[in-house]
Structures are given as C-alpha cells and as structure tokens.
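Single-structure report; data block below.
In the numbering used here, the protein residues as written are 1001 to 1074.
Written as structure tokens, this is what we have:
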C-alpha cells in the first residue's frame, strides 16, 4: 500500500512540475520576426541600406549571397 501511495505521489509531483513548466513557457512572449521594408544602396553604391522593423537591440549579422557584410550603424 505504501509503495502505491508513494508512486501516486511521485506521479502527481511530476505532472504538477510539467504543468508549471508549460504555463511558464506559455507566458514568455514570442519575439516578432525581423521584417525588411526596403533595401537600397547609397549614392556611391558602396553601402547597402536596409530599412525594416523588429531587428532587435543587438547588432545583427547580415549576409548577402552567403558573404558576411559589415554593419556600419544599427
């Protein structure tokens, strides 16, 4: 009898832990995906200007056809 009660108690604790983790993850808002609104070059054709939203606060990594580009301003 004690083993059955212990097994039920452990099962209940595991279920409660899983529910708690699931609820905590559901409350974390998903970050919106970056969206490029416009891309153009400067007058000297040496810089690519990318305009958009949701780029975040950290300097992004930018590649063009697999070639890494240097981010001048963000």
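Glycine residues also receive a C-beta, built at the ideal position from the N, C-alpha and C atoms.
- In the DSSP annotation of this structure, the continuous segment of the beta strand (DSSP E) that includes residue 1037 starts and ends at 1035-1041.
- Checking the DSSP bridge columns, you'll see residue 1068 partnered with 1063.
- Its chain contains 1049 as the residues whose beta carbon lies nearer than 7 Å to that of residue 1040, once the 5 sequence neighbours on both sides are disregarded; these appear in chain order.
- Within the DSSP bridge table, the entry for residue 1010 names no partner.
- The secondary-structure analysis by DSSP pairs residue 1048 across a beta bridge with 1041.
- Residue 1015 has its alpha-carbon roughly 40 Å from the corresponding atom of residue 1060.
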